[in-house]
């Protein structure tokens, strides 16, 4: 039995690799960078290499990161990889499982890739889940790592670039929706006319954030977003305050899609999102009873379960 | 009396100048380009010239365009200029009139600028209108040019980069809201993850556009927009079809902000928007009785009225 795995989360714009002790699901060491799947895909296209070399191309990059963690101790340790790696722009496109999907490692779609000279590590590539109009790649692994803990009968919210609202019944992922909240924030704050009205900062302006949540929940997003501009033109908010106002508008608008009879909410995210979404859920009148799980820990637990199911037979 | 004027609409990203016969409000000739206020402002910032030279800097550019229309005949003809020229990034920032504003040339704010060596034409700079949370620069002139014709008691919709929904009671502009519909379309189709799922084209796909309108009207925009991506991933629509689907989603979402007891709608726009918004208003169940005025003609009429009031005394 492998008592250690390499847990890799390769998203559109970020790469994160963790060396894990499976028995305790604890992190021995990790490396991360912003060399996401999107930029690797662009480099791959430029390389002009044949399609049958694509998997190796991505795994060479993966191996270069593995070597950053440590050297000899890594030998023979398998890599569990989820996220955008299995997408059309990833190492190997895999079909998605369709909902409903039991949150059990046996019910996700996992592709085994043998070690070779590109990457001398056994690789388990985890594919995503799709519903009629939506798709997730990565979140299914966090949900797997959270199942039986707190997901049952919950509306699970996974905030991010493309936030997910997932309904779990029994132990099955039955439906979900994607909200482009994080990407809209990025587009509006960096490249729209609003970019002149906001300034990135990490201060706390909870009163302004909460006003944004109310305005975004009660109004039309195409209109509410413009008020970030007039808040600057009419000197209501500074550009730094407006940054939090825009964040509130978008999160409030996302949460306005939740119906009044929603089940209890479970948040799976980092601590920064936890604070924002918890406040926004309360302000929006949805619920002030929010369970929380750390997204990184959930991901690692999911990878450990996949490792146990697919390797330790 | 001046029987001719130069009618100039200088927006954020476009410049349009028309030589007008005032008695008939007809266009003798025109020039247009994409040298909008935003790019002129950036050049102005780079020039390092003193603030008291700003008006002249913009008017020199204006004069270079006037010379493209014709030569000698232009002498002494006044220019009426509306749009972003009076904004913080324009030739001279002017305060806005606050609602309610009577749609009468006497009630807009117009700044007179005398001819000089930068531009040997008398200039009337028209300022915008603001409400509690919204601002318009340019649309007030189109409304002025439409007043008494069809605006009274109407919800006036002026589609565009920043669409306006304006309520006119009696002969007064009493309230309005801005919707960033056109800018969201531009951001999403060109720079978001959806850019890989759409392809610009001018074909007609009314069934797909109308599905977009329904989806954008009934759903949350942050979620509905993501369905443009899955429509491509799941091979529901081609990228060319998706372009119209996204357009429909955004217009449908904009129109979903209109309440059920809305007054009759007047559209002021070009013919392309007329078709899209007329269909979307019907599909959304708001109204199928839409009055229409051509935006360019409304603008010219507004400029003619301002000329008569401010020059022919």
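Chains as they are written, first to last, in our numbering: chain H, 87 to 399; chain A, 87 to 399. Quick reminder that beta carbons are idealized off the backbone N, C-alpha and C, glycines included. Here the structure is a predicted model, which means the values were calculated and not measured.
Residue environment, residue i, which counts as buried when at least 16 other CB atoms sit within 10 Å
{"i": "residue 219 of chain A", "result": "buried"}
{"i": "residue 340 of chain A", "result": "buried"}
{"i": "residue 135 of chain H", "result": "exposed"}
{"i": "residue 289 of chain H", "result": "exposed"}
{"i": "residue 382 of chain A", "result": "buried"}
{"i": "residue 187 of chain A", "result": "buried"}
{"i": "residue 399 of chain A", "result": "Caution applies to residue 399 of chain A, whose pLDDT of 49 falls short of 50 and renders its modelled position unreliable; the value that the coordinates give is listed next. Exposed is the call here."}
{"i": "residue 184 of chain A", "result": "exposed"}
{"i": "residue 164 of chain A", "result": "buried"}
{"i": "residue 214 of chain A", "result": "buried"}
{"i": "residue 114 of chain H", "result": "exposed"}
{"i": "residue 250 of chain A", "result": "buried"}
{"i": "residue 226 of chain H", "result": "buried"}
{"i": "residue 217 of chain A", "result": "buried"}
Limits of the beta strand (DSSP E) - the one that residue i falls within
{"i": "residue 198 of chain H", "result": "196-199"}
{"i": "residue 251 of chain A", "result": "249-255"}
{"i": "residue 175 of chain A", "result": "Neither: residue 175 of chain A is in no beta strand (DSSP E) and is coded neither H nor E."}
{"i": "residue 208 of chain A", "result": "Looking at the DSSP string, residue 208 of chain A is not in any beta strand (DSSP E), and its letter there is neither H nor E."}
{"i": "residue 392 of chain A", "result": "Counting along the chain, residue 392 of chain A falls outside any beta strand (DSSP E), though it belongs to the alpha helix (DSSP H) covering 381-396."}
{"i": "residue 92 of chain A", "result": "90-96"}
{"i": "residue 272 of chain H", "result": "Unbroken run through residue 272 of chain H is the alpha helix (DSSP H), 267-277; no beta strand (DSSP E)."}
{"i": "residue 126 of chain H", "result": "Per DSSP, residue 126 of chain H belongs to no beta strand (DSSP E); it is in the alpha helix (DSSP H), 123-133."}
{"i": "residue 115 of chain A", "result": "112-119"}
{"i": "residue 106 of chain A", "result": "101-107"}
{"i": "residue 244 of chain H", "result": "241-244"}
Distance between residue j and residue i (C-alpha atoms, nearest Å)
{"i": "residue 193 of chain H", "j": "residue 365 of chain H", "result": "35 Å"}
{"i": "residue 97 of chain A", "j": "residue 137 of chain A", "result": "21 Å"}
{"i": "residue 300 of chain A", "j": "residue 168 of chain H", "result": "35 Å"}
{"i": "residue 344 of chain H", "j": "residue 149 of chain H", "result": "42 Å"}
{"i": "residue 209 of chain H", "j": "residue 257 of chain H", "result": "27 Å"}
{"i": "residue 386 of chain H", "j": "residue 95 of chain H", "result": "9 Å"}
{"i": "residue 181 of chain H", "j": "residue 173 of chain H", "result": "8 Å"}
{"i": "residue 297 of chain H", "j": "residue 370 of chain H", "result": "10 Å"}
{"i": "residue 270 of chain H", "j": "residue 228 of chain A", "result": "31 Å"}
{"i": "residue 336 of chain A", "j": "residue 336 of chain H", "result": "16 Å"}
{"i": "residue 314 of chain A", "j": "residue 302 of chain A", "result": "11 Å"}
{"i": "residue 125 of chain H", "j": "residue 132 of chain H", "result": "11 Å"}
{"i": "residue 384 of chain A", "j": "residue 178 of chain A", "result": "24 Å"}
{"i": "residue 284 of chain H", "j": "residue 333 of chain A", "result": "27 Å"}
{"i": "residue 118 of chain A", "j": "residue 155 of chain A", "result": "10 Å"}
{"i": "residue 198 of chain H", "j": "residue 393 of chain H", "result": "11 Å"}
{"i": "residue 153 of chain H", "j": "residue 147 of chain H", "result": "10 Å"}
{"i": "residue 101 of chain A", "j": "residue 224 of chain H", "result": "47 Å"}
{"i": "residue 374 of chain H", "j": "residue 195 of chain H", "result": "35 Å"}
{"i": "residue 65 of chain A", "j": "residue 324 of chain H", "result": "The structure shown has nothing for residue 65 of chain A, since chain A only spans 87 to 399."}
{"i": "residue 108 of chain A", "j": "residue 204 of chain A", "result": "25 Å"}
{"i": "residue 161 of chain H", "j": "residue 201 of chain H", "result": "11 Å"}
{"i": "residue 311 of chain H", "j": "residue 357 of chain A", "result": "27 Å"}
{"i": "residue 359 of chain A", "j": "residue 397 of chain H", "result": "59 Å"}
{"i": "residue 388 of chain A", "j": "residue 159 of chain A", "result": "23 Å"}
Test item: CB-CB of residue i and residue j under 8 Å
{"i": "residue 267 of chain H", "j": "residue 308 of chain A", "result": "yes"}
{"i": "residue 143 of chain H", "j": "residue 176 of chain H", "result": "no"}
{"i": "residue 244 of chain A", "j": "residue 254 of chain A", "result": "no"}
{"i": "residue 279 of chain A", "j": "residue 166 of chain A", "result": "no"}
{"i": "residue 317 of chain A", "j": "residue 328 of chain A", "result": "yes"}
{"i": "residue 259 of chain H", "j": "residue 189 of chain H", "result": "yes"}
{"i": "residue 171 of chain H", "j": "residue 211 of chain H", "result": "yes"}
{"i": "residue 237 of chain H", "j": "residue 352 of chain H", "result": "yes"}
{"i": "residue 99 of chain A", "j": "residue 122 of chain A", "result": "yes"}
{"i": "residue 390 of chain A", "j": "residue 106 of chain A", "result": "yes"}
Supposed contact pair residue j and residue i - C-beta distance, whole angstroms, cut 8 Å
{"i": "residue 248 of chain H", "j": "residue 294 of chain H", "result": "No, residue 248 of chain H and residue 294 of chain H are not in contact; Cβ-Cβ is about 25 Å, not under 8 Å."}
{"i": "residue 405 of chain H", "j": "residue 277 of chain A", "result": "Residue 405 of chain H is absent from the model: chain H starts at 87 and stops at 399."}
{"i": "residue 104 of chain A", "j": "residue 93 of chain A", "result": "5 Å"}
{"i": "residue 349 of chain A", "j": "residue 377 of chain A", "result": "That pair is no contact at about 11 Å."}
{"i": "residue 261 of chain H", "j": "residue 379 of chain H", "result": "Not confirmed; about 20 Å, so no contact."}
Delimiting residues of the alpha helix (DSSP H) encompassing residue i
{"i": "residue 151 of chain H", "result": "140-155"}
{"i": "residue 320 of chain A", "result": "Where residue 320 of chain A is concerned, there is no enclosing alpha helix (DSSP H), given that its DSSP letter is neither H nor E."}
{"i": "residue 182 of chain A", "result": "Per DSSP, residue 182 of chain A belongs to no alpha helix (DSSP H) and is neither H nor E."}
{"i": "residue 293 of chain A", "result": "292-304"}
{"i": "residue 361 of chain A", "result": "357-369"}
{"i": "residue 225 of chain H", "result": "225-232"}
{"i": "residue 308 of chain H", "result": "307-310"}
Residue i Cβ short of 7 Å to the ligand FMN heavy atom set
{"i": "residue 369 of chain A", "result": "Of ligands this structure carries none, so the ligand FMN is not represented either."}
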